[in-house]
Each structure stands twice: as structure tokens, then as C-alpha cells.
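Asker:
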Amino acid sequence: MSDLSRTAERPERLTGETSEGAQELVARAATSSDQLGREVGAVLRLDGVTLDPREVDYERHDDETMIINMGPAHPSTHGVLRLMLELDGEFVLRTKVVIGYLHTGMEKTGETLSYVQGATNVTRMDYLSPVINELSYSLTVEKLLGVEVPARATWIRMLMSELNRVSSHLVWMATNGMDLGSTSMMIYGLRERELILAFFEKTAGLRLNLNYVRPGGVAADLPDGWQDDVEVICNTIEERTYEYDQLLTGQPILRNRLIGVGAITAEEALALSLTGPLLRSTGVPWDLRRSMPYLAYDQVDFDVIVGTYGDNFDRYAIRLNEIRESIRIIRQCLEKMPAGDYRSQDPKVTPPPRARIGESMEALIHHFKLFTEGFHVPAGEVYSAVESPRGEIGCYMVSDGGPKPYRIHVRAPSFTNLQAMPLLMRGASVSDAITMISTVDPVLGEVDR
Amino acid sequence: MAPPGVLTEEALACDLACFPTREQYFDLVAAFKADGFELCVDVCGVDYLEHPDRYLPEGVTRTRFEVVVNLLSLSKKQRVRIRVQAGTESPRLDSLFHLYPGAEAPERETFDMFGILFDGHPDLTRILMPEDWEGHPLRKDYGVGHIPIQFKEAPGPR
Amino acid sequence: MALEDLQHNFLTAPIEDLVRWARRASVWPASFGLACCAIEMMAAGGADFDLARFGMEVFRNSPRQADLMIVAGRVSQKMAPVLRQVYDQMMEPKWVISMGVCASTGGLFNNYAIVQGVDQIVPVDVYAPGCPPSPETLMHAILTLHEQIRTGEIMKRRHEGNPTHLEHDAGVWTPEVPVTVRMGTPK
């Protein structure tokens, strides 16, 4: 009781505590014209040409529109994303995205961790596809190190990446379904995902944020009987994906809500540095697995799914079909998995087997050096990227020759994809605003790092 | 590919690394864009305070802050890295916003984390830290902020 | 009228038991999922680890209608005032479960950006360790909370010695709202 009256007494203090000043959406008079153009989504008209006043609603009085704030604690924003909208009735005029509510200082922490520990840090950025974060990080470190990864490790990494892609897209189907109103889709998506997470737990020990892919290979070999588990996963998910197709794709409400909404063109997408399903939905067939292959993607057969209209329905269809393509790749990994080592045998990178430590002095010293200090990586800098379910995730690393990275920067796809929000939102209604966020599929862990 | 006068060389996992000066920077990026590099993948900063003797080709004056731009050409399937020395005391560069609107958020992050200013950027405010934060966290003279953890029952040193 | 104002005697005991049963059998969580732990919280609400059997499947979006705040994930400096604001908007009796190591102690991230333990901002009742805690761990934490509500211990401890009705002066930090670390620490 008294709590409520205290809350009522101090609204200025509460708003003062949570306001972010210049990062928020402010009145038109206080915003520069370049920034107004951005908030209105005028992407390609920014090279010095004056904006059309009707575009920016200059003659609209500030009293006629309302600035509302969505988030950061909001059920439909896929994490702590704060969206400030200027509305005219139900329709959005300007948008500004305020992020930083999950900023974890991972790049700074990464400078204090050794290269093997770095995977634990990077994996928590995009927490829906942790293996792919680790993969991008490990590929970068291996490029600097110059160490060769055995074939089995490569194929295991590919298998786990594709399983992760399926589980991330299933979460997307679940949350997208819930945002559109189909709460049963939420339950189905999470149920299928449990099969994959059970397999992850069997292999790596953890369901989420598995610290599995490390520089030099993977942490442990696949467990016995993994072929049967993966076979069950593939069969179940293929069958259920067909059911989701039947449930959702022809459904009139879903079609009306998604078709024609949030259409972008290829030029706008390239100008805004969008990658992943956002770019592919506009018709550009860019997928790093096909165009700049890494791991063993040039040895497996899969299609790149490309949309035509660049609207939300295309992105929904792309993600649904990417699940099917990933299952295809996983089946090929099942057949073609080579035998061999699951990590590089280079003694400077991989610790020796436990049994040898009691016998050999050299093994003991290597083990000691590797776990107290970590292996040294030659000085240099490199950028290497892989395809995550959200786009291109890349890792830029600078090494000064020591056991810890000098600078590690992760190029997160959701961070740049969120720049499309003003463009998508202009003219949409508030209920469409929710679907726009869902279609961009941001994961705030990697946006804020 | 690159205009003459700009130092270039082979780079790891990239086709080319360019080392323009601050004045050559914007024109170089514009030349790459005209040449078919449609996507500006990333803009990030590095603080070389603790690693001043990093390798740089002859003729490049090294400064404390460096900004690294990665460009991607979808048609040619090539990547290019541009490393520009941004300055030591008050690092400033031209913003790439009018060439690549998608560089807006990465440049804001570089400003927030390092304090590198970008001329021509529409909205150079902090993006990851709260608005009233002081300091630029990723600089090398800014501490990690590690709080030492005390264990009451821990035995003394062995 | 709060339960705690009743004089605890053999006449009011059945009423107290009834009220405690009602309180623990339908705890409604406020959705406050921040990071990876939020995904595990969603999985706990899903079909395999069902929270609906405890009456908790309805995650209230408005904190005014919620009893329990499960802080799932790492709390950054920018998010801390928002967390406190959401907590203040909840009605008594309210409980907090700190899910995951990042919420309990700052976890893996002992740096400038993360609040080292959400108990610096809100009073926490149950801590669930794990990175992320599997849904089974979260359910154990929830059941521990239910047990504490059932015995009534949790409400007794809260009212002894730590009054919630304080004289408040705007701008002065009260013991309930300690100062979070907001400034960076240069070397």
C-alpha cells in the first residue's frame, strides 16, 4: 500500500533514472535532418538531398502525434530491446531503437581470457546459436595459429552447426507464432527443440551455451550411438515441419498479417548492411555457406532459399525451408562422417591425454603450460566470418603474440540488422510493429555484447 | 582496385588490406563502393596503447587508435580490409554514413567504446553504455572493473 | 489487510493455511527474461518441463498483476534502474528468484558492465545457480519458494527488523535501494 504511494510520489525520479537522454526519440524540432531521415526510414535518399517534407511530416504539429516507448521489459521484443515510436493514431511515423540494455562488456572480458577460455565468452553472445558463435571464433583463432583441423572435427562441427541452426529457427517459429497469436506454435517449437538439446547434453554436457567448439577441434568426440539419435531427430523434425507448414502457411490470418508487410528492396538491404534471411528475402542469393564456403560445406548438397518480395511472409518461408535444408545437410553428415581425431594433435595447442601425464615429463609440462597460461598465438590480425541463422557473424581478432587476444571484436548480424527497423516500421501499424521485430529476429545478447 | 598512393598488401583471410591516411580514407572507400563492394560489413576500432610496435608496412605513420573497415563484394566474392590510423590524442575520421547507411550503428559503437569521433554522422551518441557514463570502456587505460571476490573461510596462503 | 497483521493463534491458523495455499498454488511470474536464462525459462514453461502444473504458466506482462519476478539473465548498468522500476510496480506480497549465476553474483562477467548480483538492487528470495540453470534447476528453485511460502517463514523474516515503510525523501538513497556501481574505474 505504502509502496504504491511512494511510487506515485516520485515519477520524475523514476523517469530520470531510466531515461537515456539523447539516445531516445525526441521531438522533430530537436532532431537533425539526417537523423530524421533515418528515423523515417529514408535509406537511399541521404546523400545531401533535402528530404521531402511530407516524408518527415514537418508540417505535422507535435501535438498531433504521440511518442510512445516499448520496452525494454516487454514480452514481444525478443529480449531487452527498447523501441521508441512516434505514432499518428495507430500508424508509425518514426522509429528509434535504443539498445545497450544487455551490454556485458564481452569484448573487454575477452581480452582477459585465454584463447581456450574465449569460447565460453563468445558463446553467450548469440545464445540461440552458441555453436556458431564458437565456430566463428575458433576459425579465426585457427587462421592466426595456422593449425590444421582434422577432417572428423570439421564434420562434427558442421553437424553441430546445422543442428544449432535448426534449433534457432525452431525458436524463431515458436516466438513468431506467439507474436502473431498462435500460442500452440510456441509449444510445438520448444518441444521439437528439446530433442536437439537432449542430444547436445549427451555430447557436450550442456543444453545451451555449450563450450564445445574450441580452437583446434572440438572438446569431445560424439557419444556412442549418436547416429541413432541424430536419425530420430531428423525424422521427427522433418515430419513436424510438414505439420507446421500445414498449420501456418495456408492460414488466412497469418497470410494477411505477413504478406506485403515490411517489404524491402535489395538496394535498401545492401545499403543497410543486412545479411541472412533479411537479405535473401529480397532476392539476393547470398549465403556464406555457398558463396564463400568454410568447413566442408562445398562437399554437401543443399539449396540456398531465396525470396522474391522481401516481405515478412518471404522471411517466414525462408526460415521454415532452411530447417528442411539443414536436416538435409545433417543426413549427409550422418553418411559421410569420417573417422579420425576430433581435435588437432599439435602438442602446442592440445593438451596431452591424461594417462600420459604420469609417464612423461614433457606431457606434464605441456599440460601445465596450456592450462595455466594458454597457448601463444602469433601476432597478427584477421577477420573471418560464418553464416549464422541471423546473418553473417564474423570475428575480428588482433593478437600481440601473447596467450590472450589483444582485441576481439565480434561482428554481430543482429546489430546491423536492427538498422532496418525504421525502414520496416514506417507506415506500419502497432501490431505490425511486433511482427517486424520478430521478422528481423534479433538476439539481444549479440546486439549488445 | 585501390587508387594509387594508398599502401596495400595481402592480408590473412582477406584479399587485400589497405592503409590509407585520414585524408585518403573517404575517397578510398568511395572508390571501393564504385568498384562493386556493396556491403560494408563492419567498422571497428582498436586501441594500440599496449602494442605500439605492431606490424605496419613502410610509410604508414602509426597512431594509437586505428579504425578497421571490412568491405564485402557479393559479385566478386571478395573481402577487403581498410585500416586507417585515426589519431592519438583526439581521434577523428570521416563518417561512412553517406556511402553506406549501414555503417551508422558500428560507428556509434566505436565512438562509445573508444571515443573516436566521426564527422558527418547523423547521431553520434552512446549506444551501448548509459547516456551519463563517463569514459570509453574499450580503451586500454580503462580498467576491466573487476571486483575482487573475498572468501571468508578461505585458508591462508600455502 | 495483510496476513501478518493477524495475531497468530489457534483460531486464525486455518485461515493462514488457506491463504498460504492460495498464494503458493498460483504464483504468477512477471516476465523479466533478459538473456540466455530467459530461453531456459521459456523451455521450463514449454511442454517438456511444464510449469503449468504449478499454476505458473501465465507469465503476466504487467508487473502490477504479478507476484514473482524471475530475473533471468545478466543485468547490465543500463538495465538496473529498469529492473528496480519493475520491481517497485509489483504488489506485495512479491518474491524474487535470481536465476542463473549472472543474476546471482555477476557470473562469468566480473567487469564494468554487469551488476555483480541482482541482490544489490532488489531483495532476492531464492538463488538458482547454473549457466544457464536447466529447467529442472529452475523448477527446484520455484518449489523451494513454494515451500517457504507454505511454512510462512518467508513473510515473517521480511517483516522483522527491516521495515518496508520508511520515510522517503526524493533523491536520498534508502537502504532498500543501494547505489549500484555506475561509474567506470580507470586503472
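Chains as they are written, first to last, in this note's numbering: chain A, 104 to 552; chain B, 15 to 172; chain C, 168 to 354.
Every residue, glycine too, gets a C-beta built ideally from N, C-alpha and C.
What you are looking at is a predicted structure, and each value in this text was computed from that prediction instead of being measured.
#1: Of the residues that make up the stretch 165 to 176 of chain A, which ones have a beta carbon closer than 8 Å to any beta carbon in chain C?
#2: Among residues of its own chain, excluding the 5 on either side of C:F276, which ones have a beta-carbon nearer than 7 Å to its beta-carbon?
#3: What in chain B is Cβ-close to A:Y509, meaning under 7 Å?
#4: Would you call A:L557 buried or exposed, if buried means 16 or more other Cβ atoms sit within 10 Å of its Cβ?
#5: Between B:G174 and chain C, is the shortest Cβ-Cβ distance under 7 Å, so that the two count as touching?
#6: Less than 6 Å between C-beta atoms, sequence neighbours within five positions excluded: which residues of the same chain meet that for A:G151?
#7: Report the rounded CA-to-CA distance for A:E295 versus A:M289, giving the unit in angstroms.
#8: For A:D417, I'd like the list of residues in its chain whose CB is within less than 6 Å of its CB, leaving aside the five on either flank, ordered along the chain.
#9: Verify the CB distance criterion: does A:T286 have a CB-CB separation below 7 Å to chain C?
#10: Closest to A:L311 by CA distance: which of A:G320, A:V225, A:E251 and A:I426 is it?
#11: Please report the straight-line C-alpha distance between C:T179 and C:M223, rounded to a whole angstrom.
#12: Rounded to whole angstroms, what is the Cα-Cα separation between A:L350 and A:I356?
#13: Determine the DSSP secondary structure at B:S87, reduced to helix, strand or coil.
#14: Can you name the residues that DSSP bridges to A:N172?
#15: Give a yes or no on whether 7 Å exceeds the smallest Cβ distance from A:T344 to chain C.
#16: Roughly how many angstroms lie between the CA atoms of A:D390 and C:D292, to the nearest whole one?
#17: Quick check on the DSSP output: the alpha helix (DSSP H) that includes A:R275 runs from which residue to which?
#18: Using a Cβ-Cβ distance under 7 Å, would C:K245 count as near chain B?
#19: In whole angstroms, give me the CA-to-CA distance for A:I468 and A:V244.
#20: Please list the segments of the beta strand (DSSP E) lying wholly inside the stretch 372 to 458 of chain A, counting only runs of 3 or more residues, in order along the chain.
#21: Which residues of the stretch 193 to 219 of chain C have a Cβ closer than 7 Å to any Cβ of chain A? Give them in chain order.
#22: Taking its Cβ as the centre, do 16 or more other Cβ atoms sit within 10 Å of A:Q138, making it buried, or is it exposed?
#23: What's the gap between the Cα of C:A214 and the Cα of A:L273?
#24: What does B:E72 reach in chain A if we use C-beta pairs closer than 7 Å?
#25: Could you check the C-alpha separation between A:R131 and B:L113 for me, to the nearest Å?
#26: Less than 7 Å between CB atoms is the rule here; does C:Q256 satisfy it with respect to chain B?
#27: Give the C-beta separation of B:A100 and B:L107 to the nearest angstrom, bearing in mind that I take them to be a contact with Cβ-Cβ under 8 Å.
#28: For B:A119, tell me which candidate among A:G497, A:T538, A:N338 and A:G203 has the shortest Cα-Cα distance.
#29: Going by beta carbon distance, what residues of the same chain come within less than 7 Å of C:F199, once the five residues before and after it are set aside?
#30: At a CB distance below 8 Å, what residues from the stretch 292 to 307 of chain C approach chain B? Give them in sequence order.
#31: If you measure between the beta carbons of A:S241 and A:S271, is that distance less than 7 Å?
#32: Would you please verify whether the beta carbon of C:H176 is less than 7 Å from any beta carbon of chain B?
#33: Going by Cα to Cα distance, which pick from B:P34, B:V55 and B:S109 is closest to B:H135?
#34: Measure the C-alpha to C-alpha separation of A:K439 and A:I432 and round it to an integer number of angstroms.
#35: Should A:L375 and A:Q522 be called a contact, given that it needs their Cβ atoms to be closer than 7 Å?
#36: Given a threshold of 16 other Cβ atoms within 10 Å of its Cβ, counted over all protein chains shown, does A:N314 qualify as buried or as exposed?
Answerer: If we stick to the structure as given:
#1: Within the stretch 165 to 176 of chain A, the residues whose Cβ lies closer than 8 Å to some Cβ of chain C are P175 and A176, listed in chain order.
#2: Only R241 and C269 meet the Cβ criterion.
#3: The CB of A:Y509 comes closer than 7 Å to the CB of H65 in chain B, given here in chain order.
#4: Look at the range of chain A in this structure, 104 to 552, and you will see that residue 557 of chain A is not part of it.
#5: As shown, chain B starts at 15 and ends at 172. That puts residue 174 of chain B outside it, with no answer to give.
#6: The predicted position of A:G151 is uncertain, since its pLDDT is 49 and thus under 50; a value taken from the coordinates is nonetheless stated next. Answer for A:G151: no residue qualifies.
#7: Straight-line Cα distance between these residues: approximately 10 Å.
#8: The beta carbon of A:D417 sits closer than 6 Å to those of S384 and G410, all from its chain and outside the five residues before and after it, given in chain order.
#9: Not closer than 7 Å to any Cβ of chain C, the Cβ of A:T286 fails to qualify, so no.
#10: Checked all of A:G320, A:V225, A:E251 and A:I426; the closest Cα to A:L311 is A:V225.
#11: Cα to Cα, C:T179 sits roughly 28 Å from C:M223.
#12: Whole-angstrom Cα-Cα distance: 11 Å.
#13: Here B:S87 sits in strand by DSSP.
#14: Paired residues: A:M187.
#15: Chain C places no beta carbon closer than 7 Å to that of A:T344, leaving this residue out of the contacts.
#16: Roughly 47 Å between the two C-alpha positions.
#17: Note on residue identity: the sequence assigns Trp, not Arg, to residue 275 of chain A. Where A:W275 is concerned, the enclosing alpha helix (DSSP H) stretches over A254 to L283.
#18: Yes - at least one Cβ of chain B is within 7 Å of the one on C:K245.
#19: Cα to Cα, the separation comes out at about 23 Å.
#20: Fully contained in the stretch 372 to 458 of chain A is no beta strand (DSSP E) run of length 3 or more.
#21: For the stretch 193 to 219 of chain C, which is checked against every Cβ of chain A, the residues closer than 7 Å are S198, F199, L201, A202, C203, I206, E207, M209, A210, G213, A214 and D215.
#22: Result: buried.
#23: Roughly 14 Å separates the two Cα atoms.
#24: Residues of chain A with a Cβ closer than 7 Å to the Cβ of B:E72 do not exist; the shortest Cβ-Cβ separation is about 18 Å.
#25: Rounded to whole angstroms, A:R131 to B:L113 spans 25 Å at the Cα level.
#26: No, C:Q256 lies away from the interface with chain B (no Cβ there is under 7 Å from its Cβ).
#27: Cβ atoms of B:A100 and B:L107 come within 8 Å of each other, at about 5 Å.
#28: When only C-alpha atoms are compared, the closest one is A:G203.
#29: Cβ neighbours of C:F199 beyond the five flanking positions: M236, I237, V238, A239 and V253.
#30: Residues: none.
#31: Using a Cβ distance threshold of 7 Å, A:S241 and A:S271 do not count as a contacting pair.
#32: The sequence shown places Asn at residue 176 of chain C, not His. Taking Cβ atoms only, chain B never reaches closer than 7 Å to C:N176, which makes this a no.
#33: Ranking B:P34, B:V55 and B:S109 by Cα distance to B:H135 puts B:S109 first.
#34: Note on geometry: alpha-carbon atoms of A:K439 and A:I432 lie some 10 Å from one another.
#35: The Cβ atoms of A:L375 and A:Q522 sit closer than 7 Å to each other.
#36: Buried is the call here.
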